[in-house]
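K.L.:
Sending over a structure as structure tokens; questions will come in a sec.
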């Protein structure tokens, strides 16, 4: 009897332990699509249209040949061009290639009282005159269009050296009077100018007739030597370097006779005391010799 009871209990326990499983739907196999590898930093739109199909070769920048004129410097009035051997050289610039001026403030005036549209036009024109007497004497005088300068009369031009010598003497005397603490003159120069300053025969500064200037120059010749010597020494402080530099220009027109004087041979007359001091012989037009 006990055996049957044990058998029934085993059957009941087996029935209770069985899970109530529901039918599951059939599992479908998921297949992942292969995604092309996108280069780092690439635009997906560019990848979409195939701009990167050719790889890294198209991404390399083309090496552009360096222009030999890029680091070749030319002075004012010249531009760089390549010769037959592809070597850089400087040639005169065509004035017509200069930029058009914006206004009158770009115009410049030369020492022959001619207005140029700009400094570019001036230096290009000066370059075309290189090697000529006119080109050697042509310089930039001041900024702005040329002002009207009355013509220099022959009589005024003849007086110019006399008035210039007197002006140089007065300049040195003024420097001496103001040179207490400014060191405008060297100690040696002060001693020379002191003699002129204390000379009772010295002609005071003023607008004197040319006859008086000529007579004073003849009577007090030695008084005029050092001022001319001083000015002559100011022309080139470093003659050994053999260089030439364009310095700052005046902003106002020159006196009427200064331009004609500078373009003539008369500066030799002005500095004749200097030449005589060194024993130089200077030949002027007409076989006139200053000793």
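Residue numbers (this note's numbering): 2 to 292.
Think of the CB as a built atom: it goes at the ideal place given N, C-alpha and C, for glycine as much as any other residue.
Nothing here was measured: the structure is a model prediction, and the numbers come from that model.
1) Which first and last residues belong to the beta strand (DSSP E) in which residue 81 is found?
2) Measure how close the beta-carbons of residue 198 and residue 174 come, nearest whole angstrom, since I'm counting them as under 8 Å.
3) Going by the CB atoms, is the gap between residue 108 and residue 145 shorter than 8 Å?
4) Going by other Cβ atoms of all chains shown within 10 Å of its Cβ, with 16 needed for buried, is residue 293 buried or exposed?
5) Report all residues from its chain with a CB closer than 7 Å to the CB of residue 193; omit the five preceding and five following residues, and keep chain order.
6) Taking the DSSP output, what are the residues bridged to residue 141?
7) Compare the Cα-Cα distances from residue 89 to each of 69, 105, 104 and report the closest residue.
8) Among residues of its own chain, excluding the 5 on either side of residue 178, which ones have a beta-carbon nearer than 8 Å to its beta-carbon?
9) For residue 162, count neighbouring Cβ atoms within 10 angstroms of its own Cβ and tell me buried if that reaches 16, exposed if not.
10) Of all the options 206, 100, 135, which has the alpha carbon lying nearest to the alpha carbon of residue 169?
11) Could you check the C-alpha separation between residue 158 and residue 103 for me, to the nearest Å?
12) With distances taken between CB atoms, is the gap from residue 121 to residue 99 smaller than 8 Å?
13) Start and end of the alpha helix (DSSP H) containing residue 162?
14) Residue 116 by DSSP, collapsed to three states: which one?
15) Grab me the residues of residue 195's own chain with a C-beta within less than 8 Å of its C-beta, minus the 5 sequence neighbours each way, in chain order.
16) Can you tell me whether residue 89 is helix, strand or coil according to DSSP?
17) So the candidates are 191, 209, 85, 76; which of them puts its Cα closest to the Cα of residue 128?
18) Give the DSSP-derived three-state secondary structure of residue 210 in the structure shown.
19) Give the DSSP-derived three-state secondary structure of residue 193 in the structure shown.
20) Tell me whether residue 216 sits in a helix, a strand or coil according to DSSP, three-state version.
21) For residue 166, collect the residues of the same chain with a Cβ closer than 6 Å to its Cβ; drop the 5 residues on either side in sequence, then sort them by chain order.
22) Could you tell me the distance, in whole angstroms, from the CA atom of residue 106 to the CA atom of residue 155?
23) Relative to the C-alpha of residue 74, which residue among 258, 160, 91 is closest?
P.N.:
In short, the structure shows the following:
1) 79-83
2) 5 Å
3) yes
4) Past the edges of the chain, shown from 2 to 292, lies residue 293, and the structure says nothing about it.
5) 227
6) 111
7) 69
8) 198
9) buried
10) 206
11) 38 Å
12) yes
13) 155-179
14) strand
15) 177
16) strand
17) 76
18) coil
19) helix
20) helix
21) 225
22) 33 Å
23) 91
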